[in-house]
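Engineer: Residue numbers for the sequence shown follow this note's numbering, so the first one is 20 and each next one is one higher.
Submitted below is the structure of interest, expressed as structure tokens.
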Amino acid sequence: MADAYIGYVHLDAEIRDLFRQQLGQPVTLYDVEHVWWYAKKPAVVSVAAATITGVTKQEPESKLVVDGIASPLQLPDSYVPPIISIIPLLANNDPSLEALAKAAGTSISRAFEKSVHAAFTILGYDTQLQGQGQGRIQDGLAISADHSYAILWDAKARQNGYKMGTDDRTIREYITTQSRELKRRRHLRNLYYVLVSSSFQDDFDDLIRSLKMETDISEVCLVEADAFVTMIDAKLRDPNLLTLGPDGMQRLFCKSGLLTSEDVREELG
């Protein structure tokens, strides 16, 4: 999926260069991706404010119209696709997304799981979306066979941050079972458990300590949703150099505790 998205960006760039040559004026990647909007020459157009499994919420965004071509007032710089950029809103269980989720026949929590799954896929992992409907099991699995490790992850949508409660015992039980089974079947060197949420209300020392002592989990990472957006942006900006190994993504998960977007920027440069 990562290679496909990179190819898509390169194709966009080729079309942009063709438009520039034909029009004799500046054209951005934003212009290419919204070219059909320009046929109507709107001064104000609607743009997707949120994306949940193909459903969009429309909000007005001002555009500057020059020679019939609308351009954003601020040049876009992000490489992040909508299914990833919406992760912080989903993680925060934003009430404004409830109607969109219902219209898509899903829930905010399930949409959040799918977006986190997409993030791991774009990063280059061999991924499985699990969770709902499969009994007591983590929400997803991401494996890097080349570097002999796997990530068992759960996505927790919370407005006020995630706090361990009744989930504690359940998580311990299925991580104990799943980690042992996974290590037995795949003979992986390291297993990491990742919790993703808007923020975290405590440091989860007891959970981290018990999982590392009682299961085959190497580290337990508490990942803030914004950090995933930063990871994807870094990957798509430098896809060939940012690997899944100890010189790249694995560095982010080999230390237990909180992982923020600032930590990602510091580790990945």
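Glycine is no exception: its CB is placed at the ideal position from the N, C-alpha and C atoms.
1) Could you tell me whether the stretch 199-216 touches the stretch 166-175, using the rule of 3 or more Cβ pairs below 8 Å?
2) Count the other CB atoms, across all protein chains shown, that sit within 10 Å of the CB of Met232; report buried if there are 16 or more and exposed otherwise.
3) Have a look at the DSSP bridge pairing and note the partners of Gln147.
4) Since Leu287 is in the beta strand (DSSP E), which residue starts that stretch and which ends it?
5) Give a yes or no on contact between the stretch 249-257 and the stretch 209-227, applying the rule of three or more CB pairs nearer than 8 Å.
6) With distances taken Cα to Cα, identify the nearest neighbour of Asp8 among Gly276, Thr196, Gly267.
7) Can you check whether the CB of Ile103 is closer than 8 Å to the CB of Phe272?
8) Rounded to the nearest angstrom, how far is the Cβ of Leu230 from that of Arg191, given a contact under 8 Å?
9) I need the straight-line Cα distance from Asp186 to Asp173, nearest angstrom please.
10) Could you have a look at Glu243 and say whether DSSP puts it in helix, strand or coil?
11) Quick one: using the 10 Å Cβ neighbour count with 16 as the cut-off for buried, is Asp222 buried or exposed?
12) By Cβ distance below 8 Å, which residues in the same chain neighbour Pro265 in space, the five residues on each side in sequence not counted?
13) Taking only the alpha-carbon atoms, compute the straight-line gap between Thr75 and Pro101 and give it to the nearest angstrom.
14) Cα separation between Tyr144 and Arg270?
15) Could you please give the first and the last residue of the uninterrupted alpha helix (DSSP H) stretch that includes Ala110?
16) Near Gln220, what residues of its chain come up, given a Cβ to Cβ distance below 8 Å and the 5 sequence neighbours on each side ignored?
17) Leu30 to Pro107, Cα distance in whole Å?
18) Since Asp252 contacts Tyr98 with CB under 8 Å, what's their CB separation in whole angstroms?
19) CB-CB under 6 Å to Asn209, same chain, minus the five flanking residues each way: which ones, in chain order?
Structural biologist: So, from the listed chains and residues:
1) yes
2) exposed
3) Leu160
4) Here Leu287 belongs to no beta strand (DSSP E); instead the alpha helix (DSSP H) covers 280-287.
5) These segments do not touch.
6) It is not possible to answer for residue 8, since the shown part of the chain is limited to 20 through 288.
7) no
8) 7 Å
9) 11 Å
10) strand
11) exposed
12) Counting only Cβ-Cβ distances below 8 Å, and skipping sequence neighbours, we find His166, Cys273.
13) Here Thr75 scores only 43 on pLDDT, less than 50, and its place in the model should not be relied on; the value that follows carries that caveat. Roughly 10 Å between the two C-alpha positions.
14) Near 15 Å, if we compare the C-alpha coordinates of Arg270 and Tyr144.
15) 106-110
16) Asn179, Gly180, Tyr181, Lys182
17) 28 Å
18) 5 Å
19) Tyr168, Ser237
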